[in-house]
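J.: The opening position of the sequence shown corresponds to residue 10 in the numbering used here, with each subsequent residue numbered one higher.
Ideal placement from N, C-alpha and C gives every residue a C-beta, glycine not left out.
Computed from a predicted structure; not experimentally measured.
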Amino acid sequence: PGPFPTKGAWKRLVPPGLNIEKKMIERVPLKRFGEHEELANLASYLMADESGYMNGEVVTMDGGEWLKGAGQFNSLEKIPNLAWKAMDYARKKKK
Numbered sequence: 010p011g012p013f014p015t016k017g018a019w020k021r022l023v024p025p026g027l028n029i030e031k032k033m034i035e036r037v038p039l040k041r042f043g044e045h046e047e048l049a050n051l052a053s054y055l056m057a058d059e060s061g062y063m064n065g066e067v068v069t070m071d072g073g074e075w076l077k078g079a080g081q082f083n084s085l086e087k088i089p090n091l092a093w094k095a096m097d098y099a100r101k102k103k104k
């Protein structure tokens, strides 16, 4: 899916002070992050009888971000090395 903020991932992948969240939202035509309820609604539909004839489908759920050929992780190349080290430390500490 597109950008759906979670506490754990955001802490490790979106370091504070780099204004990354604002840049992420700018790439999404709906100008907002996805809500977890929206993912749950899609999962509910896919599990329901109403989707019984649907199979092998890829559902793009990114607020239209694909229209700009963007992906949220494309912006990671702009993160300074010091921030990468801090994220790596946070990731290892989590284990």
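The alpha helix (DSSP H) with methionine 63 in it runs from where to where?
T.: It is not in any alpha helix (DSSP H) - methionine 63 carries neither H nor E in the DSSP assignment.
J.: Mark glutamate 74 as exposed unless 16 or more other C-beta atoms lie within 10 angstroms of its C-beta, in which case mark it buried.
T.: Burial call: buried.
J.: What does the Cβ neighbour count give for aspartate 71, buried or exposed, with the cut at 16 atoms within 10 Å?
T.: Buried: at least 16 other Cβ atoms inside 10 Å.
J.: With DSSP as the reference, label glutamate 46 as helix, strand or coil.
T.: Three-state DSSP puts glutamate 46 in a helix.
J.: Apart from the five residues just before and just after valine 23, which ones in its own chain have a Cβ nearer than 7 Å to its Cβ?
T.: Result list for valine 23: Ile29, Glu30, in chain order.
J.: Pick from Met56, Glu46, Lys32: whose alpha carbon is nearest that of lysine 40?
T.: Nearest C-alpha to lysine 40: Lys32.
J.: Can you list, in chain order, the residues of its chain whose CB lies under 8 Å from that of glycine 43, leaving out five sequence neighbours each side?
T.: So the qualifying residues of the chain are Pro10, Gly11, Pro12, Phe13, Met70, Asp71, Gly72.
J.: Under a three-way DSSP split, which group does asparagine 90 fall into?
T.: Reduced to three states, the DSSP call for asparagine 90 is helix.
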